[in-house]
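A.B. asks: Protein chains in written order, with the working numbering: chain A, 156 to 678; chain B, 11 to 470.
Cβ coordinates follow ideal geometry from the N, Cα and C atoms, glycine included.
Shown below is the structure under consideration.
See the structure below:
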């Protein structure tokens, strides 16, 4: 091929330009650390990186919201725990003051305590956080629980404050105060007060009004100076406990001859009798309270140690033969009338109930919509339904009358958090034992509600924690992806850069050599 | 009949031929760097011989003509490829301007402004009671509007630039047509006497190449040496006459745009390839599309945000649209809200702590626009950016490919028509020596003549 002078000058120039362009391009990459600076450098990558950046920003928003939600939920949770503690106190007061032993003075004193509880709960429910009343619904700038004409009323609404913690995912961060309004609203029938007696099957945890027995060892001693240490920690029932004491005594050296059993007259305490009419002393070991919990601590008079009352509560496992007045009657049939419907409960079919639980299940299985439970103070049974109902005898039976459940239901509620506390206060002031009893049920329900709400808040808190971890993970993942898409491999670029530099220098050198070659030099 | 004077005549032609050759070499060397110059060569052949009784006797050399090296095939190819290159060059420069306007990926582009807007709403959602955060929402919306205005304005300006470039190109093309038609006249006049008008032809070729960069043209040479130039089927140069182009404002796809028309009758001329076609196309396709997409994004944002916000309620009023306007050029915050940020609603029922509406607006950023358009607002913009990038990248690749092709052809043409100094120097030496030899012969003839004259002197 024939080469013209212009070709000689143009070709190297082109090479120089090409190398220079590549050099500049690589230098730009090395100095920005990015693979591209404009969409046309790599349209797909730019689109991806924009997408990742948007997702990252969204993630950041979610993470902020999750962080905020977590703080709000913790605040709500701790507030509600405090409210529940106050309600526990109120419940305790109602329990203590309900029986006839309490005098008007004692109840009046208790009412002052309840007053304190009311204002503490009011303060708690008016908690302001981050400029918002937490329990006011959407009315975050209005004090939610205000005293108006002598009663505390809810001034907020039932709005939910929600934070966005994911695409189309909202989480409630507060509880509107309306949640603690309009509670109850059911109809119920209470049975006679029932007394639970001890039997060999009575479980130890039901003793002492349900406080139970702390497991431990006791020391049994007779006046002869013989003693034996008995470990009762494995005992579950009265029978276990009695056997352990009797066997323990028999195992002493020499054997102690005693008989331990349930006091047959009261059926509410333990009796230990020494066959030799010796003096029996029961004492605690290891600083425990086992003996005291069983009511058998102390020294006997003339060979018989009579224990203190054990007051077992009624549970679903309690045998009906241990419960007065159920044990005095034979359950036959009852009829429950709810509106148009009427249902018969036959206690003989398919089998006569053994425990209180069996009895209640039989009733609930036979009457849909009727709730049959042990009452709040564990000394009776209560039937509840959303509508009014009545219980009748079947034929000439007397089952309903025997249990004290004959007749029409009584409406219960609706009541609110503060109304319930105020009712309790009034009942105490007015020295009204029955009203205090009714308040107890309301306190019970309020505490259950608090537990329910706390469980919800707890579950949300867990969700938020999980979300936080997940968002953190996806943040890392997005960052990695973004880096893969847009960040240069610095080693690679620097290597390429030095290559390009070399190529550029080579082009310059070739050009200068080429330009010097001419026949003219030899003329 | 051979005579001494006849030899002198032969010698004269010999010296003259060498001089012609040297002159041409000189011309070649002088034009070594002239664009479009084709090297020239003196055509020589033996002059007409004399018949004598003893045979045919040579009468030396005669320089017949000066001829330029031609590579007509490559010249044509160059014109074609130059048109294609011109088209991609214009497209490429407009697209990279659009890319600069789009300004992605960056922290100041529309994508960031959109993110910031939704982020401000998110902040407000976590504290709907706050006045300061409402101001934050309004400010971020202002930035978003300004970013859109800026982009729209710049795109508009790009459109204006394209128009003035079209006008400039048309003027330039007309000038080239004038010069080509004038050269046609000169070439025909020169060559009618039988000589080749090499330099004029070089110049005409150069002008035609220049014109082909502006638009693809067909060139046909007639037997008198004039060329006819055709543009999209219209004969724009015929002999020494030119028909000029003009621009006129035409309404095209809803826009008032400059179009290329014939000057005499105002008919739209179909322009293929070349810078003109590139500009017309990139304006109609890419620029228009980008502007429409941007308008589309703005109008979707306006509609979606307003649809939610107008149902909102604040302590100071209800039912306000958040944005006003129809597209990227006029999107702005509605006046009452701009004047009073407390009118930014977070709630549908006006309750102070309710953030339902604010949450719903935040959700807009991650919900698809519609079943037909399964993209988010951000996604729509991302695909717009990617599209611009793909077009621009494609144009750039095509341009560099085309440059390579053109370079290659030019190289081949240059190989035939270019001047090589070494070659010329050798030629120079060659003709210098032949000149010297001829001079030497002249000397000999002179001596011979002297000898004869001396003889004559001796007789008289």
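Pull up the DSSP beta-bridge partners for residue 459 of chain A, would you.
C.D. replies: By 1-based counting over the first chain, the position of residue 459 of chain A is 304. Residue 459 of chain A is bridged to A/428 and A/456.
A.B. asks: For residue 139 of chain B, decide whether its Cβ has a neighbour in chain A, counting only Cβ atoms nearer than 9 angstroms.
C.D. replies: Within the second chain, residue 139 of chain B is the residue found at index 129, counting from 1. Yes, contact with chain A.
A.B. asks: State the CB to CB distance for the pair residue 333 of chain B and residue 343 of chain B, rounded to an integer number of angstroms; the pair is presumed to be in contact (CB under 8 angstroms).
C.D. replies: Within the second chain, residue 333 of chain B is the residue found at index 323, counting from 1. Within the second chain, residue 343 of chain B is the residue found at index 333, counting from 1. About 6 angstroms separates the two Cβ atoms, so the contact holds.
A.B. asks: Sorted by chain position, which residues of the same chain lie with C-beta nearer than 8 angstroms to residue 297 of chain A's C-beta, five sequence neighbours on each side aside?
C.D. replies: Within the first chain, the letter at position 142 stands for residue 297 of chain A. Closer than 8 angstroms at the Cβ level, and outside the excluded window around residue 297 of chain A, lie 288, 291, 310 and 311.
A.B. asks: Keeping to the same chain, check which residues put their C-beta closer than 6 angstroms to that of residue 315 of chain A; ignore five residues upstream and five downstream.
C.D. replies: The sequence position of residue 315 of chain A within the first chain is 160, counting from 1. Excluding residues within five positions, the ones whose Cβ falls inside 6 angstroms are 327.
A.B. asks: So which residues on chain B does residue 689 of chain A lean against when the C-beta distance must stay under 9 angstroms?
C.D. replies: Residue 689 of chain A lies beyond the residue range present for chain A, which begins at 156 and ends at 678; the question has no answer from this structure.
A.B. asks: Around the C-beta of residue 495 of chain A, are 16 or more other C-beta atoms found within 10 angstroms, so that it is buried, or is it exposed?
C.D. replies: As a first step, residue 495 of chain A must be located in the first chain, where it is residue number 340. Result: exposed.
A.B. asks: Could you name the residues of chain A that residue 132 of chain B contacts, counting a contact when the two beta carbons are closer than 8 angstroms?
C.D. replies: Here residue 132 of chain B corresponds to residue number 122 of the second chain, with the count starting at 1. Under the 8 angstroms cutoff, chain A gives 216, 219, 220 and 319.
A.B. asks: Counting contacts by CB-CB distance shorter than 9 angstroms, is residue 331 of chain B in contact with chain D?
C.D. replies: You won't find chain D in this structure, because its protein chains are A and B.
A.B. asks: For residue 120 of chain B versus residue 165 of chain B, is the C-beta spacing smaller than 9 angstroms?
C.D. replies: Translated into positions along the second chain, residue 120 of chain B becomes position 110. Translated into positions along the second chain, residue 165 of chain B becomes position 155. For residue 120 of chain B and residue 165 of chain B, no; Cβs fall outside 9 angstroms.
A.B. asks: Taking the alpha-carbon of residue 373 of chain B as reference, which of B/130, B/235 and B/191 has the nearest alpha-carbon?
C.D. replies: For the purposes of this step, residue 373 of chain B is identified with residue 363 of the second chain, where counting begins at 1. Among B/130, B/235 and B/191, the Cα nearest to that of residue 373 of chain B is on B/130.
A.B. asks: What did DSSP end up calling residue 189 of chain A once you bin it into helix, strand or coil?
C.D. replies: Residue mapping note: residue 189 of chain A aligns to position 34 of the first chain, counting from 1. Strand at residue 189 of chain A.
A.B. asks: If you measure between the beta carbons of residue 179 of chain B and residue 108 of chain B, is that distance less than 9 angstroms?
C.D. replies: Your numbering for residue 179 of chain B matches position 169 in the second chain. Your numbering for residue 108 of chain B matches position 98 in the second chain. No, the pair does not count as a contact, with Cβ atoms beyond the cut-off.
A.B. asks: State the start and end residues of the unbroken alpha helix (DSSP H) segment that holds residue 152 of chain B.
C.D. replies: Here residue 152 of chain B is taken as the residue at index 142 of the second chain, counted from 1. That run of the alpha helix (DSSP H) goes 141-201.
A.B. asks: Does residue 522 of chain A come out as helix, strand or coil in the three-state DSSP assignment?
C.D. replies: One-based indexing of the first chain puts residue 522 of chain A at position 367. Of the three classes helix, strand and coil, the one that applies to residue 522 of chain A here is coil, per DSSP.
A.B. asks: Out of curiosity, what's the CA-to-CA distance linking residue 502 of chain A and residue 574 of chain A?
C.D. replies: Locating residue 502 of chain A in the first chain gives position 347, where the first residue counts as 1. Locating residue 574 of chain A in the first chain gives position 419, where the first residue counts as 1. C-alpha separation (whole angstroms): 40 angstroms.
A.B. asks: Pop quiz: residue 140 of chain A and residue 403 of chain B are said to be a contact at Cβ under 8 angstroms. What is the actual Cβ separation, rounded to whole angstroms?
C.D. replies: Nothing about residue 140 of chain A can be reported from this structure: the residues present for chain A run from 156 to 678 only.
A.B. asks: Do residue 520 of chain A and residue 340 of chain A have their C-beta atoms closer together than 9 angstroms?
C.D. replies: In the first chain, residue 520 of chain A corresponds to position 365, counting from 1. In the first chain, residue 340 of chain A corresponds to position 185, counting from 1. No. Outside cutoff.
A.B. asks: Pull up the distance between the alpha-carbon of residue 295 of chain A and that of residue 132 of chain B, whole angstroms please.
C.D. replies: If you number the first chain from 1, residue 295 of chain A lands on position 140. If you number the second chain from 1, residue 132 of chain B lands on position 122. If I take the Cα positions, the gap works out to 18 angstroms.
A.B. asks: My assumption, with CB atoms under 8 angstroms, is that residue 577 of chain A sits in contact with residue 267 of chain A. Please give the rounded CB distance.
C.D. replies: Along the first chain, one-based indexing puts residue 577 of chain A at 422. Along the first chain, one-based indexing puts residue 267 of chain A at 112. Contact doesn't hold; Cβ gap of about 14 angstroms is too wide.
A.B. asks: Looking only at its own chain, which residues have a Cβ that is under 6 angstroms from the Cβ of residue 279 of chain A, when we skip the five neighbours before and after it?
C.D. replies: Residue 279 of chain A sits at position 124 when you count from the first residue of the first chain. Excluding sequence neighbours, residue 279 of chain A sits near 234, 237 and 238.
A.B. asks: Going by other Cβ atoms of all chains shown within 10 Å of its Cβ, with 16 needed for buried, is residue 329 of chain B buried or exposed?
C.D. replies: Numbered from its first residue, the second chain carries residue 329 of chain B at position 319. So residue 329 of chain B counts as exposed.
A.B. asks: Count the CB pairs spanning the region 357-375 of chain A and the region 478-494 of chain A that are closer than 8 angstroms, and state whether there are at least three.
C.D. replies: No: fewer than three Cβ pairs fall under 8 angstroms.
A.B. asks: Per DSSP, which residues does residue 56 of chain B bridge with? Please list them.
C.D. replies: Along the second chain, one-based indexing puts residue 56 of chain B at 46. Residue 56 of chain B is bridged to B/71.
A.B. asks: Could you give the first and the last residue of the continuous alpha helix (DSSP H) run that contains residue 376 of chain A?
C.D. replies: Translated into positions along the first chain, residue 376 of chain A becomes position 221. From DSSP, residue 376 of chain A is part of no alpha helix (DSSP H) but of the beta strand (DSSP E) over 372-377.
A.B. asks: Between the alpha carbons of residue 422 of chain A and residue 354 of chain A, how many angstroms are there, rounded?
C.D. replies: What you label residue 422 of chain A is simply residue 267 of the first chain in a count that begins at 1. What you label residue 354 of chain A is simply residue 199 of the first chain in a count that begins at 1. Computed Cα separation, rounded: 8 angstroms.
A.B. asks: For chain B, is any of its Cβ atoms less than 9 angstroms away from the one on residue 464 of chain A?
C.D. replies: By one-based count along the first chain, residue 464 of chain A stands at place 309. Not closer than 9 angstroms to any Cβ of chain B, the Cβ of residue 464 of chain A fails to qualify, so no.
A.B. asks: Give the residues from the region 398-427 of chain B that approach chain A closer than 9 angstroms (Cβ to any Cβ), ordered along the chain.
C.D. replies: Hits within the stretch, in order: 398, 399, 400, 401, 402, 403, 404, 405, 406, 417, 420, 421, 422, 424, 425, 426 and 427.
A.B. asks: Can you tell me whether residue 319 of chain A is helix, strand or coil according to DSSP?
C.D. replies: Within the first chain, numbered from 1, the residue matching residue 319 of chain A stands at position 164. If DSSP states are grouped into helix, strand and coil, residue 319 of chain A belongs with the strands.
A.B. asks: Could you give the first and the last residue of the continuous beta strand (DSSP E) run that contains residue 342 of chain A?
C.D. replies: Taking the first chain and counting its residues from 1, one reaches residue 342 of chain A at position 187. Its beta strand (DSSP E) spans residues 341-345.
A.B. asks: To which residues of the same chain is residue 438 of chain A closer than 8 angstroms at the C-beta, ignoring the five residues directly before and after it?
C.D. replies: In the first chain, the residue the question calls residue 438 of chain A occupies position 283. Once the five neighbours on either side are set aside, the close Cβ partners of residue 438 of chain A are 373, 374, 376, 446 and 452.
A.B. asks: Excluding the 5 residues preceding and the 5 following residue 427 of chain A in the sequence, name in chain order all residues of the same chain whose CB lies nearer than 6 angstroms to its CB.
C.D. replies: Against the first chain, residue 427 of chain A aligns to sequence position 272. Answer for residue 427 of chain A: 413, 415, 435 and 460, listed in chain order.
A.B. asks: Rounding to the nearest angstrom, what Cα-Cα distance links residue 53 of chain B and residue 73 of chain B in this structure?
C.D. replies: For the purposes of this step, residue 53 of chain B is identified with residue 43 of the second chain, where counting begins at 1. For the purposes of this step, residue 73 of chain B is identified with residue 63 of the second chain, where counting begins at 1. C-alpha separation (whole angstroms): 6 angstroms.
A.B. asks: Where does residue 357 of chain B land, buried or exposed, given buried means 16+ other C-beta within 10 angstroms?
C.D. replies: Translated into positions along the second chain, residue 357 of chain B becomes position 347. So residue 357 of chain B ends up on the buried side.
A.B. asks: With distance defined between alpha-carbon atoms, name the residue in B/366, B/291 and B/407 nearest to residue 169 of chain B.
C.D. replies: If you number the second chain from 1, residue 169 of chain B lands on position 159. Closest by alpha carbon: B/291.
A.B. asks: To the nearest angstrom, report how far apart residue 28 of chain B and residue 448 of chain B are at their CA atoms.
C.D. replies: Working through the second chain from its first residue, we reach residue 28 of chain B at position 18. Working through the second chain from its first residue, we reach residue 448 of chain B at position 438. Approximately 9 angstroms between the Cα atoms of the pair.
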